[in-house]
Amino acid sequence: METIRLTTAKAIVNYLIAQKSVQVDGSIAPLFGGVYGIFGHGNVTALGHALEQAKTELPTYRGQNEQGMALAGVAYAKAKRRRQIMVATSSVGPGATNMVTAAGVAHSNRLPLLLISGDSFTSRLPDPVLQQVEHFGDPTMTVNDSFRAVTRYWDRITKPEQLTTSLPHAVQTMIDPADCGPAFIGLPQDVGAEAWDFPVAFFEERIHDIARPRADERQLREAAAMLTAAEKPLIICGGGVHYSLAEQQLADFATAHNIPVVETVAGKASMRWDHPMYGGAIGVTGGESANALAGEADVVVALGTRLLDFTTGSWTIFQNPSVKMIGINTARFDATKHHSHAVVGDARETLVELSSTLGNYRASDAWSTTAATEFAKSNAYIDKLAAATSTSETGLPTYAQVVGAIDRKADEHTFALAAAGGFPGEVNNGWRTKHLNSFDCEYGFSCMGYEVSGGWGAAMALPDKDVVVFVGDGSYLMLNSDIYSSVIHGHKMIVIVCDNGGFAVINRLQINTGGVPYNNLIKDNPTVVNPVAVDFAAHAAAMGALSESVASIDELEAAYDRAKAADRTTVISLVTDAYSWTEGGSFWQVGIPEVSDLQGVRDAKAEWDEGLNDQRIG
14 METIRLTTAK AIVNYLIAQK SVQVDGSIAP LFGGVYGIFG HGNVTALGHA LEQAKTELPT
74 YRGQNEQGMA LAGVAYAKAK RRRQIMVATS SVGPGATNMV TAAGVAHSNR LPLLLISGDS
134 FTSRLPDPVL QQVEHFGDPT MTVNDSFRAV TRYWDRITKP EQLTTSLPHA VQTMIDPADC
194 GPAFIGLPQD VGAEAWDFPV AFFEERIHDI ARPRADERQL REAAAMLTAA EKPLIICGGG
254 VHYSLAEQQL ADFATAHNIP VVETVAGKAS MRWDHPMYGG AIGVTGGESA NALAGEADVV
314 VALGTRLLDF TTGSWTIFQN PSVKMIGINT ARFDATKHHS HAVVGDARET LVELSSTLGN
374 YRASDAWSTT AATEFAKSNA YIDKLAAATS TSETGLPTYA QVVGAIDRKA DEHTFALAAA
434 GGFPGEVNNG WRTKHLNSFD CEYGFSCMGY EVSGGWGAAM ALPDKDVVVF VGDGSYLMLN
494 SDIYSSVIHG HKMIVIVCDN GGFAVINRLQ INTGGVPYNN LIKDNPTVVN PVAVDFAAHA
554 AAMGALSESV ASIDELEAAY DRAKAADRTT VISLVTDAYS WTEGGSFWQV GIPEVSDLQG
614 VRDAKAEWDE GLNDQRIG
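Numbering (my numbering), first residue to last: 14 to 631.
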């Protein structure tokens, strides 16, 4: 057997370079698009050296914060529809724990990300070393064990030869459509520098393609029987539609069988907003049309979705007492939720096979007409809220107007991105998808701070798109340094910062549950002695971005035109209303105090308890 003597770190790099992947267009590209790296003593000497030697084949992009760079990797994988993966590497200690949040984002959203962190010495001879957290009763435990809860695959390399099994398992986990998620490799400082005679064959080129598991014939027949008996069927499409490249098959299926389609947050941009069978966004961040359809539906097809509580209104949205669920998903765990009839298989292939099994079945024209009528009403409502001439009680622009302004400017090159806070509800309703796969709203983990970092990752993945980031002041202040990353690396994005004075959407929840405004808006915190207004434009300019502040929707539209024509990242800030939000949505279960001195809290508790009467159990 031919061998080559390499350090553990160099072997990791060489193996990653050898992995290739079939892309959406059928071309072959590196499976690993590059490395986001912040070097410290735990990873610079061995892994940093190996990456420097491979800077052409596996480029390293310098992040500014470990969480941010890993979040960029999450957005990159989503934009690439899980066909290319980024690596994020940090030193041992706080660098590693900074990445844990990003791992949670990747895990909850079923997205691949390879995390490689330095680790404590396996020899333990120099212990305790810099940044080591000692566990008195278990010396094998390090801070890297915290990744176990938020990764699909976890390993700590204690001998170089372990790579020969560990790395293939990590790769297969990340590309598996059912188990897809982040993988973690802990690399102790001494082991990373240790050498071993690796088989040359281990580094031979491997071309990976995403598997398309076929559904069981019996599962298909039973699903078809349920649909043919349905009078009011409904399809809920999730992110799995994107990852299986099933958008066209979804449109064909819905048209052939006259079944309305509604979208989750992750599933948005699976269908054009003007498609005759499109019924809007569903759930807590959704609109009245989709939620009304869900309330009437007698058979619901959950296609490639994990049915988050925001999708199901905490299990209250399906109000037809005889409703039946069909779960189509590559993951059995997701396919069986809500007591669904599980059809375990790839979304695209399952739609084709299920359509064939259904034959000439079509839902009634009365049902599709109802869907179209409801969606038209929702659109009229959004048009009114999003109009440039609309006014809030404060006279300030609203989130709905901001989204509407950019939506009117959007073209085939526009990719919208948001996360957490007040924007999910606004973009889910007000962003009219004119082109497929043109949207990312991280709501699986609802991670504040994803926006700017995710925008950087999306801009890297989609160099031919105008990546537009919608972010509130709260999220911006949490994590914004990847504006600098995008500037220095040449990945242009347009960032719209809406300053409403704090965590306004949580303030809304606080008020709606009977509480007194407290600690969410800056003005409502009595410990604040100097409520300084942040100059977001100046802050962004200090990081090398173009920037400007605007005061109206007309000024925003003009600024957007300038940003679109610019040669680098532009940040546009404006002060927005903290109290005006797009209404719609559905019930959402939150914890409201059972006892309180405030009548508003007691009233809210009674109202929430009444809402639980519609909750399906199981």
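Every residue gets a Cβ at the ideal spot worked out from N, C-alpha and C, and that includes glycine.
Opposing strand residues paired with residue i [DSSP bridges]
| i | result |
| --- | --- |
| TRP601 | DSSP lists no partner for TRP601. |
| SER562 | SER586 |
| MET338 | VAL313 |
| GLU455 | ALA432 |
| ILE410 | Just to set this straight, residue 410 is Pro in the shown sequence, not Ile. Paired residue(s): none; PRO410 is not in a bridge. |
| TRP209 | LEU19 |
| ASP512 | VAL588 |
| GLU250 | Just to set this straight, residue 250 is Cys in the shown sequence, not Glu. Paired residue(s): GLU276, LEU316. |
| VAL480 | PHE428 |
| ARG75 | GLY50 |
| VAL35 | ILE41 |
| VAL357 | ASN342 |
Local conformation of residue i per DSSP, three classes
| i | result |
| --- | --- |
| TRP444 | coil |
| THR349 | coil |
| GLY470 | helix |
| GLY50 | strand |
| ILE630 | coil |
| LYS618 | helix |
| ILE272 | coil |
| SER130 | strand |
| PHE197 | strand |
| THR110 | helix |
| ILE223 | coil |
| ILE98 | strand |
| PHE216 | helix |
| TRP380 | helix |
| GLY485 | strand |
| ILE643 | Residue 643 is absent from the structure shown; the chain starts at 14 and stops at 631. |
| SER369 | helix |
| PRO43 | strand |
| ARG581 | coil |
| ARG169 | strand |
| SER121 | helix |
With 16 other Cβ atoms within 10 Å as the buried cut-off, status of residue i
| i | result |
| --- | --- |
| ILE41 | exposed |
| GLY514 | buried |
| THR153 | exposed |
| VAL563 | buried |
| TYR531 | exposed |
| THR155 | buried |
| ASN626 | exposed |
| VAL9 | With the chain covering 14 to 631 only, the question about residue 9 has no answer from this structure. |
| ARG169 | buried |
| GLU397 | In the sequence under discussion, the amino acid at residue 397 is Lys, which differs from the Glu named in the question. By the 10 Å Cβ count, LYS397 comes out exposed. |
| VAL37 | exposed |
| PRO637 | The requested residue 637 is not part of the displayed model; the chain covers only 14 to 631. |
| ASP359 | buried |
| THR446 | buried |
Beta-carbon proximity of residue i to residue j, cut-off 9 Å
| i | j | result |
| --- | --- | --- |
| GLU207 | THR20 | yes |
| ALA183 | LEU127 | yes |
| PHE428 | VAL465 | no |
| MET461 | SER488 | yes |
| ALA67 | VAL100 | no |
| TRP167 | PHE134 | no |
| VAL542 | GLY435 | no |
| ARG319 | ALA282 | no |
| ILE51 | THR114 | no |
| ARG165 | GLY194 | yes |
| THR324 | GLY624 | no |
| GLY372 | HIS354 | no |
| ASP495 | GLY468 | yes |
| ALA236 | THR349 | no |
| ALA431 | VAL440 | yes |
| GLN202 | VAL365 | no |
| PRO437 | VAL274 | no |
| ALA558 | VAL608 | no |
Could you tell me whether the segment 101–119 touches the segment 475–493, where touching means 3 or more Cβ pairs closer than 8 Å?
-> The answer is no - the segment 475–493 does not touch the segment 101–119, with fewer than three Cβ pairs under 8 Å.
contact_flag[the segment 61–77, the segment 35–52] where n(CB pairs < 8 Å) is 3 or more | Short answer: they touch.
Counting pairs of Cβ atoms below 8 Å between the segment 238–253 and the segment 419–438, do you hit three or more?
-> no
Given 8 Å as the limit, is there contact between the segment 564–571 and the segment 383–390, that is, 3 or more CB pairs closer than that?
-> no
At least three beta-carbon pairs within less than 8 Å, the segment 283–301 to the segment 582–589 | no
Would you call the segment 589–599 and the segment 404–417 in contact, with 3 or more CB pairs under 8 Å?
-> yes
Take every Cβ of the segment 227–240, pair it with every Cβ of the segment 294–304, and state whether three or more of those distances are shorter than 8 Å.
-> no
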